[in-house]
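Following: one structure in structure tokens, then a few remarks.
There are 2 protein chains.
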Amino acid sequence: MTTPTSVAGRTPDRRTAILEAAAVEFDRQGFGAASISGIAKAAEVSQGAIHFHFRTKQAIALAVIDEQNARTFEAVTYDGPSPLAGLVEASRTIAGLLLDDPVVRAGIRLSLENRVFSGATSSFYDQWIASVVDVFRLAVAAGEVGPTVTPEALGATVVPWFTGVQLVSDVRAARVDLLPAVGTMWRVLAHACVVPAQRDRLLAVVDRAFA
Amino acid sequence: MTTPTSVAGRTPDRRTAILEAAAVEFDRQGFGAASISGIAKAAEVSQGAIHFHFRTKQAIALAVIDEQNARTFEAVTYDGPSPLAGLVEASRTIAGLLLDDPVVRAGIRLSLENRVFSGATSSFYDQWIASVVDVFRLAVAAGEVGPTVTPEALGATVVPWFTGVQLVSDVRAARVDLLPAVGTMWRVLAHACVVPAQRDRLLAVVDRAFA
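From first to last, the protein sequence lines are chains L and E. Heads up: the first sequence is residues 76 to 286, going by the working numbering. Heads up: the second sequence is residues 76 to 286, going by the working numbering.
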């Protein structure tokens, strides 16, 4: 995602403004119904300005998915004393973005509704699973996670689990129950894999994050 | 879902043939790209025959979603000696339908990709969650599930979990890893909520179902 630098100064801001206006349109209408002219109007730029940054509507959508991934990935940390608490906090941050950030909302909607984007989406799932597996490995090393389920299996199921939780919460309730639903996911997971001596501490982290 | 009976004999078969041909088209191309004329050609009927049964392409899609729900719901049983083993077997049957039955594949794709259908989809999720909660209540009564997580919370998270598992398996691997991925879900769940005395038996059921 390089930004043209030939038009110095305003260019990065304008590109971001287009991206965010497009995200609002995609989140509201879906990919099919959104139009370049509607995006231009919402971003208060000319259609020519949009074509300077993006060749097609599909290119805008891919940039929204990229940006969604960058914003959500930023939430993941690896350096706290409790790797699992860090992952719980990261999921809380991402849930907040799903409630409030049009780019993140649109990125998820676009990835789910259109197979045109499944190439990009697929590699992002791979990255997410690899990162979450790493966190579970650190959690095993830190003595938080026991031997009931491998870090590989935990990472491979937590990513789709969160994906499904936010999706079903969106379809059933426009995400009003997203925070308690993610909290339930972590409570089930804590009972499945956290060692008994650490479980109450982790459950308290979950309660605090998703209260 | 009443079937017109005025044209006796052939009508139900022809309606099913249209539905199944439409499902193949929807599963392959998505709702937007599928056309009534393409469906008519695939079903080897006239477009007039399609309009006799369905007013619009959207009505066909809703009928596919209804039929998907009916076929998957049929897998759930409540009367075995082990309610949780029954649910594991039901999820195995549904995973098989997701691999092999175009109506089930198309129904899931349509529900996920188009918010036009989220009204229907939402009420199906409600029904699924209510049914799975019932199974977990029976499993508590049967002494399989302990007090770590309530049946309500288990039902509310297992349905989105399965939804996410099949979705991510579809995006990443065209569902070739669907069976082991669903098996992993059940293994994590068994460690989270099944009482220790029943856990090995349940894990063996999972291993057998998803080997």
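In this text, a Cβ means the ideal position worked out from N, Cα and C, and glycines have one as well. Note that the structure is predicted; figures quoted are calculated from it, not measured.
Tell me the start and end of each unbroken beta strand (DSSP E) in the segment 216-285 of chain L that is at least 3 residues and wholly inside, in chain order.
For the beta strand (DSSP E) assignment, the segment 216-285 of chain L encloses no uninterrupted run of at least 3 residues.
What does the Cβ neighbour count give for Gly84 (chain E), buried or exposed, with the cut at 16 atoms within 10 Å?
Here the model assigns Gly84 (chain E) a pLDDT of 45, short of 50, so the residue's position is not dependable, and the following value carries that caveat. Exposed is the call here.
Can you tell me where the alpha helix (DSSP H) holding Thr177 (chain E) begins and where it ends?
One point to set straight first is that residue 177 (chain E) is Pro, not Thr, in the sequence displayed. Pro177 to Glu188 is the extent of the alpha helix (DSSP H) around Pro177 (chain E).
Just to confirm, are Ala96 (chain L) and Ala118 (chain L) a CB contact at a threshold of 8 Å?
Closer than 8 Å, so yes.
How big is the Cα-Cα spacing for Gly258 (chain L) and Asp282 (chain L)?
7 Å
Own chain partners of Trp261 (chain L) with C-beta closer than 6 Å, once the 5 adjacent residues on each side are dropped:
Val163 and Val281
Which two residues bound the contiguous alpha helix (DSSP H) that contains Ala138 (chain L)?
Lys132 to Phe148
Using a Cβ-Cβ distance under 8 Å, would Arg250 (chain E) count as near chain L?
no
Provide the residue span of the alpha helix (DSSP H) that contains Ala117 (chain E), from first to last.
Ile111 to Ala118
Can you tell me which of E:Ala170, E:Ala134, E:Gly107 and E:Gly239 puts its alpha carbon nearest to the alpha carbon of Asn189 (chain E)?
E:Gly107
Endpoints, the alpha helix (DSSP H) within which Phe127 (chain E) is located:
Start and end: Gln122 to His128.
Exposed unless 16 or more other CB atoms sit within 10 angstroms - verdict on Val251 (chain L)
exposed
Determine which residues of the segment 221-237 of chain L have a Cβ less than 8 Å from any Cβ of chain E, and write them out in chain order.
Thr223, Val224, Ala228, Leu229, Ala231, Thr232, Val234, Pro235, Trp236 and Phe237
What did DSSP end up calling Val207 (chain L) once you bin it into helix, strand or coil?
DSSP places Val207 (chain L) within a helical segment (H, G or I) once states are collapsed to three.
How would you label Gly105 (chain E), buried or exposed, when you count the other beta carbons within 10 angstroms and need 16 or more for buried?
buried
Output the distance between the C-alpha atoms of Val215 (chain L) and Gly221 (chain L), rounded to the nearest integer angstrom.
6 Å
Name the residue from E:Ser244, E:Leu94, E:His128 and E:Glu219 whose alpha carbon lies nearest to the alpha carbon of Pro271 (chain E).
E:Glu219
With Ser112 (chain E) and Val246 (chain L) assumed to form a contact (beta carbons below 8 Å), what rounded beta-carbon distance in angstroms separates them?
Not confirmed; about 31 Å, so no contact.
Smallest Cα separation from Trp203 (chain L): which of L:Ser157, L:Ala217 and L:Leu229?
Comparing Cα positions, the closest option is L:Leu229.
Taking a Cβ distance cut-off of 8 Å, strictly less, list which residues of the segment 190-224 of chain E are near chain L, in chain order.
Arg190, Ser193, Thr196, Ser197, Tyr200, Asp201, Thr223 and Val224
Please report whether the beta-carbon of Thr78 (chain L) lies at a distance below 8 Å from any beta-carbon of chain E.
With a pLDDT of only 43 at Thr78 (chain L), under the threshold of 50, the placement of this residue in the model should not be trusted; the figure read from the coordinates follows. No, no contact with chain E.
Taking the CB atoms as reference points, tell me whether Asp176 (chain E) and Arg146 (chain E) lie closer together than 8 Å.
Yes; because the gap between Cβ atoms is below 8 Å, this pair is in contact.
Report yes if the C-beta distance between Gln241 (chain E) and Leu254 (chain E) is below 8 Å; otherwise report no.
Gln241 (chain E) places its beta carbon 8 Å or farther from that of Leu254 (chain E).
Chain-ordered neighbours of Ala256 (chain E) on chain L, where CB pairs are closer than 9 Å
Ala231, Thr232 and Pro235
8 Å CB neighbourhood of Leu94 (chain E) in its chain, flanking five on each side removed
Ile135, Ala138, Val139, Glu142 and Val178
Find the nearest neighbour of Ala256 (chain L) within the set L:Val243, L:Thr131, L:Ser186 and L:Tyr153, judged by alpha-carbon distance.
L:Val243
Of all Cβ atoms in chain L, is any one closer than 8 Å to the Cβ of Glu188 (chain E)?
yes
Kindly give me the distance between the Cβ atoms of Val207 (chain E) and Val191 (chain E), rounded to whole angstroms, as I take these residues to be in contact under 8 Å.
Not a contact, Cβ separation roughly 26 Å.
Contacts around Tyr200 (chain E), its chain only, beta-carbon distance under 7 Å, and the 5 residues preceding and following it disregarded:
Val234
Kindly indicate if chain L contains any beta-carbon less than 8 Å away from that of Thr259 (chain E).
At a cut-off of 8 Å between beta carbons, Thr259 (chain E) contacts chain L.
Check whether the Cβ of Ala181 (chain L) lies closer than 8 Å to any Cβ atom in chain E.
With respect to chain E, the C-beta atom of Ala181 (chain L) has no partner C-beta closer than 8 Å.
Going along the segment 98-130 of chain L in order, which residues come within less than 7 Å of chain E, judged by CB to CB distance?
So the close ones are Gly105 and Gly107.
CB contact below 8 Å: Val163 (chain L) versus chain E
no
Measure from the C-beta of Arg247 (chain E) to each C-beta in chain L and report whether the shortest distance is under 8 Å.
Yes - at least one Cβ of chain L is within 8 Å of the one on Arg247 (chain E).
Output needed for Thr292 (chain E): all residues of its chain with C-beta closer than 6 Å, excluding positions within five of it in sequence on either side, in chain order.
Limits of chain E in this structure are 76 at one end and 286 at the other, which puts residue 292 (chain E) out of reach.
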